[in-house]
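Chemist:
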Amino acid sequence: MADVHGTVGIPGGLVVGSSREQKMDRGVRVRRRRPNDRRVTRFGAAAEPPATEPAAEEPPAEPDSPPVVEEAETTPPPGATAAPPQADPAERCPQSGASPTTSDDESAQLRYELERIQVRGNLRTRERVVLRYVKLRPGDIVDVDDPELELLRYRLLGTGFFQRVNLSLRKGSQRGKVVLIVDVVERNTIVVSDLWMGLSADADTEGNARPLTAYAGADLAETNLGGTGITLGGGMGFAQDQLALRTRFFDPSFLGSHGMATASLLYNDALEFYGNRDVLYDDPSNAAEKVRDYAVVRYRRFGGTVGAGWDLSAAWQAWLDYRLERIDATLPLAASHRRGLDVEPIEFGLNPGLSVLSTVRSMLQYDTRDSPILPTRGSHTTLAAEVSLTPLGSDYPFQRYTLATSKWYELPWDHVIRAGFFGGAIVGRAPIYERFYVGDFSDLLPSRMLGLNMDRRPPPNLLGTSIVEVRYGHYAAKLLGEYRIPLYRGTSAVYGVDLFGATGVYAVASERDLSDPPRGYSGLARI
Numbered sequence: 013m014a015d016v017h018g019t020v021g022i023p024g025g026l027v028v029g030s031s032r033e034q035k036m037d038r039g040v041r042v043r044r045r046r047p048n049d050r051r052v053t054r055f056g057a058a059a060e061p062p063a064t065e066p067a068a069e070e071p072p073a074e075p076d077s078p079p080v081v082e083e084a085e086t087t088p089p090p091g092a093t094a095a096p097p098q099a100d101p102a103e104r105c106p107q108s109g110a111s112p113t114t115s116d117d118e119s120a121q122l123r124y125e126l127e128r129i130q131v132r133g134n135l136r137t138r139e140r141v142v143l144r145y146v147k148l149r150p151g152d153i154v155d156v157d158d159p160e161l162e163l164l165r166y167r168l169l170g171t172g173f174f175q176r177v178n179l180s181l182r183k184g185s186q187r188g189k190v191v192l193i194v195d196v197v198e199r200n201t202i203v204v205s206d207l208w209m210g211l212s213a214d215a216d217t218e219g220n221a222r223p224l225t226a227y228a229g230a231d232l233a234e235t236n237l238g239g240t241g242i243t244l245g246g247g248m249g250f251a252q253d254q255l256a257l258r259t260r261f262f263d264p265s266f267l268g269s270h271g272m273a274t275a276s277l278l279y280n281d282a283l284e285f286y287g288n289r290d291v292l293y294d295d296p297s298n299a300a301e302k303v304r305d306y307a308v309v310r311y312r313r314f315g316g317t318v319g320a321g322w323d324l325s326a327a328w329q330a331w332l333d334y335r336l337e338r339i340d341a342t343l344p345l346a347a348s349h350r351r352g353l354d355v356e357p358i359e360f361g362l363n364p365g366l367s368v369l370s371t372v373r374s375m376l377q378y379d380t381r382d383s384p385i386l387p388t389r390g391s392h393t394t395l396a397a398e399v400s401l402t403p404l405g406s407d408y409p410f411q412r413y414t415l416a417t418s419k420w421y422e423l424p425w426d427h428v429i430r431a432g433f434f435g436g437a438i439v440g441r442a443p444i445y446e447r448f449y450v451g452d453f454s455d456l457l458p459s460r461m462l463g464l465n466m467d468r469r470p471p472p473n474l475l476g477t478s479i480v481e482v483r484y485g486h487y488a489a490k491l492l493g494e495y496r497i498p499l500y501r502g503t504s505a506v507y508g509v510d511l512f513g514a515t516g517v518y519a520v521a522s523e524r525d526l527s528d529p530p531r532g533y534s535g536l537a538r539i
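For reference, each letter of the sequence shown is one residue, going 13 to 539 in this note's numbering.
(1) My parser needs the beta strand (DSSP E) runs of 3 or more residues fully inside the region 380-448; what are they?
(2) Does the distance from the CB of Ala341 to the CB of Pro364 come in under 8 Å?
(3) Spell out a yes or no on whether the region 502-521 and the region 328-342 are touching, meaning 3 or more CB-CB pairs, one atom from each, closer than 8 Å.
(4) Mind the definition here: the region 429-439 touches the region 200-213 only if three or more C-beta pairs lie below 8 Å; say whether that holds.
(5) What is the rounded straight-line gap between the Cα of Ala233 and the Cα of Gly246?
(6) Where do the ends of the beta strand (DSSP E) carrying Arg611 lie?
(7) When you compare the CB positions of Val194 and Leu181, do they come within less than 8 Å of one another, or not?
(8) Are the beta-carbon atoms of Trp331 and Ser374 separated by less than 8 Å?
(9) Alpha carbon to alpha carbon, what distance is there between Met248 and Pro384?
(10) Looking at the structure shown, is His486 part of a helix, part of a strand, or coil, going by DSSP?
(11) Taking the CB atoms as reference points, tell me whether Ala251 and Leu464 lie closer together than 8 Å.
(12) To the nearest angstrom, how far is the alpha carbon of Glu74 from that of Asp157?
(13) According to the neighbour-count rule (16 or more other Cβ atoms, all chains shown, within 10 Å of its Cβ), is Glu422 buried or exposed?
(14) What do you reckon, are the CB atoms on Tyr378 and Trp328 nearer than 8 Å?
(15) Nearest to Thr388 by CA position, among Arg289, Trp425, Leu395, is which residue?
(16) So what's Thr86 in DSSP terms, helix, strand or just coil?
(17) CB Ala326 to CB Gly271, shorter than 8 Å?
(18) Does the region 440-447 come close enough to the region 250-269 that 3 or more CB-CB pairs lie under 8 Å?
(19) Using 8 Å as the Cβ pair cut-off and three pairs as the minimum, do the region 492-499 and the region 526-539 touch?
(20) If I follow the unbroken alpha helix (DSSP H) through Glu523, where does it start and stop?
(21) Between which two residues does the beta strand (DSSP E) containing Val308 stretch?
(22) Consider the C-beta atom of Ile153 and the heavy atoms of the ligand MG; say whether any pair is separated by less than 7 Å.
(23) Could you have a look at Tyr495 and say whether DSSP puts it in helix, strand or coil?
(24) Which residues does DSSP list as the beta-bridge partners of Thr171?
(25) Taking a contact to mean a Cβ-Cβ separation below 8 Å, would you say Thr380 touches Gly239 in this structure?
(26) Are the CB atoms of Lys189 and Glu127 nearer to each other than 8 Å?
(27) Assuming Arg140 is part of the alpha helix (DSSP H), what are its boundary residues?
(28) Val196 and Gly133: beta carbons closer than 8 Å?
(29) What residue from Arg412, Ala228, Leu224 has the CA that sits closest to Ala488's CA?
(30) Would you tell me roughly how many angstroms separate the C-alpha atoms of Pro472 and Val482, rounded to the nearest one?
(31) In the structure shown, what three-state DSSP assignment does Tyr166 receive?
(32) Between the C-alpha atoms of Ser459 and Glu284, what's the straight-line distance to the nearest angstrom?
(33) Should Asp599 and Gly451 be called a contact, given that it needs their Cβ atoms to be closer than 8 Å?
(34) Please identify the residue among Ser400, Pro498, Ala416 whose C-alpha is closest to the C-alpha of Pro409.
(35) Please report the residue range of the beta strand (DSSP E) in which Ile153 lies.
(36) Do you know how far the Cα of Gly476 is from the Cα of Arg538?
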């Protein structure tokens, strides 16, 4: 029930008309003040010297000079009388709202009152969309060393709306007050989310094995519709005798509130393949028993999902979704196959005729990635629990729990390492397409495309274990390691091209595989 896999390839993150900053500085730039130096403190990017001044090397800061929030340089208009210089924010009295607190070490902690927030560079994106991700409000106390400011920058980059995001502080209209400047550079937000194309081995509707057949599909979305931050997307997938359609909607500020809303519709006309070997398949169109290569079930799904989400912080989100589907399945009268050394009946995981699936899912998400596509640092974790609602008409009583986490590390030579883990468990009788499929964990088999399973082959058995007997399972786990080399970062249609290599180990098992393993395997081969 366990195996290893490895893969190498060149993923191309396609974003129509978009690009991304190849390398971003981290942290908050706070330095010690020098006389007549009035630049702006920036978060995540160093401030450039004014164009009219030659760049000069900074002398070392004196030990006794306090760290300050730097001010924007201002020049009086011609003919105007220059106002006397205002006191530096670090010198403002505590009654004004500024309270620089000196600790025992050399660094000092600076806090200022936020007067207002200014957004610059948003030519298409509405200002309220940007401010929706900024949790600070006028009147809040700003700590220049607060890591939430860097998380805010990553959060704005994570929307996919912007190529670059810089944060800076500038002195306000009164002593002790500052203005938060959010500078953004927009990108085109028409995104190719997924693209599928390949060959698979399957069977016809009577269970006869066929040679390789082609499949293809695409999923596209506009992630910033009319500058409102709304995502509108759709997907379509084709395989032999199979079709999948998807539409989806996401609003990060539903009806102008701080809550998020999502909705989707789906339609699948799908085939599912059952049996490992020596399959006996009783076709419902013919009462006579027939011997086939595989038992095949045709089913149709139609339904949708509605959900609501809330930001708990700059990195945490909570979601609650409701899903309702109508399923129409045509099952064989009976079917059996050889499992291990024994001939056993096949459990199809679907009810014959019409049935209903009704579930509620809650999800907690943590995201500190610097980019939603080809990230170089940060982490992404989701913890989800889904429960079937029998009182609301669901014909499939089950609970599904999953945990997925990934962490990215940028090496000094700009290569990226990713470490990932996935674990999941299903309790009860879930529909077959809700169970864990081996092709979704092994890179040596086609994964499902919009819920369609195009391949009938068992997983490669590199370790000689009982994984060859498993197709779907109630329990799954995977450890993944990936090494990525950035080759190209685009400024127009292609987002980026990376060379990568990945390896991992996974395990998939059903309840039956754990309670009654197939005969013919011993020792570690039973795992």
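Glycine is no exception: its CB is placed at the ideal position from the N, C-alpha and C atoms. All of these numbers come straight from a predicted model, not from anything done at the bench.
Modeler: Per the coordinate set shown:
(1) Runs of the beta strand (DSSP E) inside the region 380-448: 390-400, 410-422, 428-440.
(2) Start at 1 with the first residue of the sequence shown, and residue 341 comes out as number 329. Start at 1 with the first residue of the sequence shown, and residue 364 comes out as number 352. In contact: Ala341 and Pro364 (Cβ atoms closer than 8 Å).
(3) Not touching, per the Cβ criterion.
(4) Short answer: they don't touch.
(5) Here residue 233 refers to the residue found at position 221 of the sequence shown. Here residue 246 refers to the residue found at position 234 of the sequence shown. For the pair Ala233 and Gly246, the Cα-to-Cα distance works out to about 6 Å.
(6) There is simply no residue 611 to check, as the chain begins at 13 and stops at 539 in what is shown.
(7) By 1-based counting over the sequence shown, the position of residue 194 is 182. By 1-based counting over the sequence shown, the position of residue 181 is 169. Judged by their CB atoms, Val194 and Leu181 are not nearer to each other than the 8 Å cut-off.
(8) Residue mapping note: residue 331 aligns to position 319 of the sequence shown, counting from 1. Residue mapping note: residue 374 aligns to position 362 of the sequence shown, counting from 1. Going by C-beta atoms, Trp331 is nearer than 8 Å to Ser374.
(9) Against the sequence shown, residue 384 aligns to sequence position 372. Against the sequence shown, residue 248 aligns to sequence position 236. Those two C-alpha atoms are separated by around 22 Å.
(10) Along the sequence shown, read from residue 1 onward, the residue named residue 486 stands at position 474. DSSP places His486 outside both helix and strand once states are collapsed to three, so it counts as coil.
(11) Counting from 1 along the sequence shown, the entry for residue 251 is found at position 239. Counting from 1 along the sequence shown, the entry for residue 464 is found at position 452. Cβ atoms of Ala251 and Leu464: closer than 8 Å.
(12) Against the sequence shown, residue 74 aligns to sequence position 62. Against the sequence shown, residue 157 aligns to sequence position 145. With a pLDDT of 42 at Glu74, under the threshold of 50, the modelled position of that residue is not reliable, and no figure is offered here.
(13) On the sequence shown, position 410 is the one that residue 422 refers to. Buried, since its Cβ has 16 or more Cβ neighbours within 10 Å.
(14) Here residue 378 is taken as the residue at index 366 of the sequence shown, counted from 1. Here residue 328 is taken as the residue at index 316 of the sequence shown, counted from 1. Their beta carbons are under 8 Å apart, which means Tyr378 touches Trp328 by this criterion.
(15) For the purposes of this step, residue 388 is taken as the residue at position 376 of the sequence shown. Ranking the options by Cα distance to Thr388, first place goes to Trp425.
(16) As a first step, residue 86 is located in the sequence shown; it is residue number 74 there, counting from the start. Residue placement at Thr86 is poorly supported in this model, since its pLDDT is 39, which falls under 50; the coordinates are not used for a value here.
(17) For the purposes of this step, residue 326 is taken as the residue at position 314 of the sequence shown. For the purposes of this step, residue 271 is taken as the residue at position 259 of the sequence shown. No, the Cβ-Cβ distance between Ala326 and Gly271 is not below 8 Å.
(18) Touching, no, given that fewer than three Cβ pairs across the two stretches are closer than 8 Å.
(19) In short, these stretches do not touch, since the Cβ pair count stays below three.
(20) Within the sequence shown, the letter at position 511 stands for residue 523. Start and end: 523-527.
(21) Translated into positions along the sequence shown, residue 308 becomes position 296. Residues 307-323.
(22) In the structure on display, the ligand MG does not appear, and there are no ligands present to speak of.
(23) Numbered from 1 along the sequence shown, position 483 holds the residue referred to as residue 495. In the structure shown, Tyr495 falls within a strand segment according to DSSP collapsed to helix, strand and coil.
(24) By one-based count along the sequence shown, residue 171 stands at place 159. DSSP, once it has assigned bridges, lists no residue as partnering Thr171.
(25) As a position in the sequence shown, residue 380 is number 368, starting the count at 1. As a position in the sequence shown, residue 239 is number 227, starting the count at 1. Against a cut-off of 8 Å, the Cβ pair of Gly239 and Thr380 comes out as no contact.
(26) For the purposes of this step, residue 189 is identified with residue 177 of the sequence shown, where counting begins at 1. For the purposes of this step, residue 127 is identified with residue 115 of the sequence shown, where counting begins at 1. It is a contact, given that the beta carbons lie within the stated cut-off.
(27) Indexing the sequence shown from 1 puts residue 140 at position 128. Arg140 -> alpha helix (DSSP H) spans 139-143.
(28) Residue numbering aside, residue 196 sits at position 184 when the sequence shown is read from its first letter. Residue numbering aside, residue 133 sits at position 121 when the sequence shown is read from its first letter. Closer than 8 Å, so yes.
(29) Counted from its first residue, the sequence shown places residue 488 at position 476. Of the candidates Arg412, Ala228, Leu224, the one whose C-alpha sits nearest the C-alpha of Ala488 is Arg412.
(30) By 1-based counting over the sequence shown, the position of residue 472 is 460. By 1-based counting over the sequence shown, the position of residue 482 is 470. Spanning the two alpha carbons is a distance of roughly 11 Å.
(31) In the sequence shown, residue 166 corresponds to position 154, counting from 1. Helix at Tyr166.
(32) Here residue 459 refers to the residue found at position 447 of the sequence shown. Here residue 284 refers to the residue found at position 272 of the sequence shown. For Ser459 and Glu284, the distance between alpha carbons rounds to 14 Å.
(33) Lying outside 13 to 539, the shown extent of the chain, residue 599 is not represented and no answer is given.
(34) As a first step, residue 409 must be located in the sequence shown, where it is residue number 397. Selected option, being the one with the closest Cα: Ser400.
(35) Looking up residue 153 in the sequence shown gives position 141. Per DSSP, the unbroken beta strand (DSSP E) holding Ile153 starts and ends at 153-155.
(36) Position 526 of the sequence shown, counting from 1, holds the residue named residue 538. Position 464 of the sequence shown, counting from 1, holds the residue named residue 476. A straight line joining the alpha-carbon of Arg538 with that of Gly476 spans about 9 Å.
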